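Participant: Residue numbers (my numbering), protein chains in the order written: chain A, 1 to 155; chain B, 156 to 310.
Let me begin by handing over the structure; questions about it come next.
2 protein chains.
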Amino acid sequence: MAMFSQTAEYALRAVVHLASGEEESQTVGQIAAGTRVPAGYLSKVLQSLSRAGLITSQRGIGGGFRLVKAAQETSLLEVIQAVDPIQRIRNCPLGLDAHGANLCPLHKRLDDAMALIEEQCRATTIAELLEAPSPRTKAASEEKLCAFPLTPAPE
Amino acid sequence: MAMFSQTAEYALRAVVHLASGEEESQTVGQIAAGTRVPAGYLSKVLQSLSRAGLITSQRGIGGGFRLVKAAQETSLLEVIQAVDPIQRIRNCPLGLDAHGANLCPLHKRLDDAMALIEEQCRATTIAELLEAPSPRTKAASEEKLCAFPLTPAPE
DNA sequence: TAGAAATCGGACAAATATGTCTAATTAAGG
DNA sequence: CCTTAATTAGACATATTTGTCCGATTTCTA
């Protein structure tokens, strides 16, 4: 069970990449190279983000995509909701309307779990993702290791 | 984003149904009717649960499926892992082997979220799901409202 | 105003998840 | 020993997600 869709994963990579880059504006090709997302598909994901108002696009020479808000003001949840919204369980999937808005214990638990995820994602900003890889390493503070400093390609 | 696959949902319904029924052993048809899961597909899901050792099957007249362990001793997680295992993120999906077991901050957060889910599911037993619909209602204690007391069909 | 660089939109293709059906096998009971 | 009721295994069908491609449009620059 993948828990996060490819589409959401790609959208998050793209936004992190945009937030980390020196360049204000980046083309699909640049973002694709920097995040290892298939360019054609990425293009669609970026369009979704654009329609949702998280990024803006500029056609033509010198164009590309850039963030609308600062990385500190954009949450993971916003990105996810823009491309592949988390579906909360609102009423019993079995159709037991016997208990109206009350869920079966099973679906109550499942929905609680989703609420947790939602909350975690709401509480995390893109800016928090621009630091070094892991809290476990101490040598990592030497150099900016993440927000995707990609070597050419793995094959 | 569905967060839990149909397959996992169906497996959980089936196990809850088995745990709640008076009958020890139930056929695919009975479980399908009691959970509103397509019988053909349910059959496969039950086979997965059987291979995983959570339920046993008996062919022929009087046969069917029954739980191996008591409902108090089976967790949501076991059921989910049996049919559609939660995939934790073990190494950076971008292929940044620069930081070995350390994840990018992005994937660290996503994996943390999945760890939360895993923990919730591990801590919840099937037995806990056999009670009345919601903690918010007080009138609900009158009668066993859940573990799926299905009326014929919604259409 | 022409050409180049970019997004936009939609058609199409491939992969995966979900669902259906049927023949084979097993077991109980007359 | 035959019939009936059940799982099992696999082929097939459909739906959804993911990925590719290309022509149309916009925009900058010379």
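Backbone N, C-alpha and C define an ideal beta-carbon position, used for all residues, glycine too.
Predicted, not measured: the structure shown is a model, and the values here were computed from it.
Straight-line CA distance for A14 of chain A to T56 of chain A?
Facilitator: Taking the straight line joining both Cα atoms gives about 13 Å.
Participant: Output the distance between the C-alpha atoms of N246 of chain B and H262 of chain B, rounded to the nearest integer angstrom.
Facilitator: 9 Å
Participant: What residues in the stretch 25-49 of chain A have a beta carbon less than 8 Å from any beta carbon of chain B?
Facilitator: Those would be T35, R36, in chain order.
Participant: Which of helix, strand or coil does DSSP assign to T162 of chain B?
Facilitator: T162 of chain B: helix per DSSP, three-state reduction.
Participant: With a CB to CB cut of under 8 Å and the five nearest residues on each side skipped, what residues in its chain are close to T93 of chain A?
Facilitator: In the sequence under discussion, the amino acid at residue 93 of chain A is Pro, which differs from the Thr named in the question. Result list for P93 of chain A: H107, in chain order.
Participant: Determine, using beta carbons only, whether L49 of chain A and V83 of chain A come nearer to each other than 9 Å.
Facilitator: yes
Participant: Can you tell me which of A:G34, A:L77, A:G64 puts its alpha carbon nearest to the alpha carbon of E118 of chain A?
Facilitator: A:L77
Participant: What do you get for V79 of chain A, buried or exposed, if any count of 16 or more other CB atoms within 10 angstroms of its CB means buried?
Facilitator: buried
Participant: Run through the DSSP bridge pairs and tell me what I210 of chain B is partnered with.
Facilitator: Answer is B:L222.
Participant: Using a C-beta cutoff of 9 Å, does G208 of chain B count as contacting chain A?
Facilitator: no
Participant: Distance cutoff 9 Å, beta carbons only. Does E283 of chain B sit that close to anything in chain A?
Facilitator: yes
Participant: With a threshold of 8 Å on Cβ separation, who are the neighbours of P304 of chain B within its own chain once the five nearest residues in sequence on each side are excluded?
Facilitator: none
Participant: Is the shortest distance between the beta-carbon of Q58 of chain A and the beta-carbons of chain B less than 9 Å?
Facilitator: no
Participant: With a CB to CB cut of under 8 Å and the five nearest residues on each side skipped, what residues in its chain are close to R88 of chain A?
Facilitator: D111, M114, A115, E118
Participant: Have a look at the DSSP bridge pairing and note the partners of Q26 of chain A.
Facilitator: Paired residues: A:F65.
Participant: Alpha carbon to alpha carbon, how far is A225 of chain B from A33 of chain A?
Facilitator: 52 Å
Participant: Cβ of A225 of chain B less than 9 Å from any chain A Cβ?
Facilitator: no
Participant: Just mark G219 of chain B as buried or exposed, buried being the case when its beta carbon has 16 or more other beta carbons within 10 Å.
Facilitator: buried
Participant: To the nearest angstrom, how far is the alpha carbon of A11 of chain A from that of G95 of chain A?
Facilitator: 34 Å
Participant: What distance in whole Å lies between the Cβ atoms of L258 of chain B and L222 of chain B, which are believed to be in contact at a cut-off of 8 Å?
Facilitator: Not quite, the Cβ-Cβ distance comes to about 37 Å (not below 8 Å), so this is no contact.
Participant: Could you name the residues of the stretch 104-127 of chain A whose beta carbon sits closer than 8 Å to any beta carbon of chain B, in the order they occur along the chain?
Facilitator: Listed by position along the chain: C104, P105, L106, K108, R109, L110, D112, A113, M114, L116, I117, Q120, C121, T124.
Participant: Compare the C-beta of L222 of chain B against all C-beta atoms of chain A and say whether one is closer than 9 Å.
Facilitator: Not one beta carbon of chain A lies nearer than 9 Å to the beta carbon of L222 of chain B.
Participant: Can you pull the chain A neighbours of V171 of chain B, defined as C-beta to C-beta under 9 Å?
Facilitator: C104, P105, L106
Participant: Suppose you measure from the CA of G184 of chain B to the CA of R36 of chain A; what does that come to, to the nearest Å?
Facilitator: 47 Å
Participant: For a quick check, are the C-beta atoms of P105 of chain A and E286 of chain B less than 9 Å apart?
Facilitator: yes
Participant: Does the Cβ-Cβ distance between R109 of chain A and S75 of chain A come in under 9 Å?
Facilitator: It is not a contact, given that the beta carbons lie outside the stated cut-off.
Participant: Are the Cβ atoms of Q213 of chain B and S180 of chain B separated by less than 9 Å?
Facilitator: yes
Participant: Which residues in the same chain have their Cβ closer than 6 Å to the Cβ of I127 of chain A, if we skip the five residues on either side of it in sequence?
Facilitator: Reading the sequence as shown, one finds Ala at residue 127 of chain A and not Ile. Apart from sequence neighbours up to five positions away, the residues of its chain that approach A127 of chain A with a beta-carbon distance below 6 Å are A71, Q72, ordered along the chain.
Participant: With 16 as the cutoff for other CB atoms within 10 Å, does A194 of chain B come out buried or exposed?
Facilitator: Under this definition A194 of chain B is an exposed residue.
Participant: Could you give the residue range of the alpha helix (DSSP H) that holds V157 of chain A?
Facilitator: This structure gives no information on residue 157 of chain A, because the portion of chain A shown stretches from 1 to 155.
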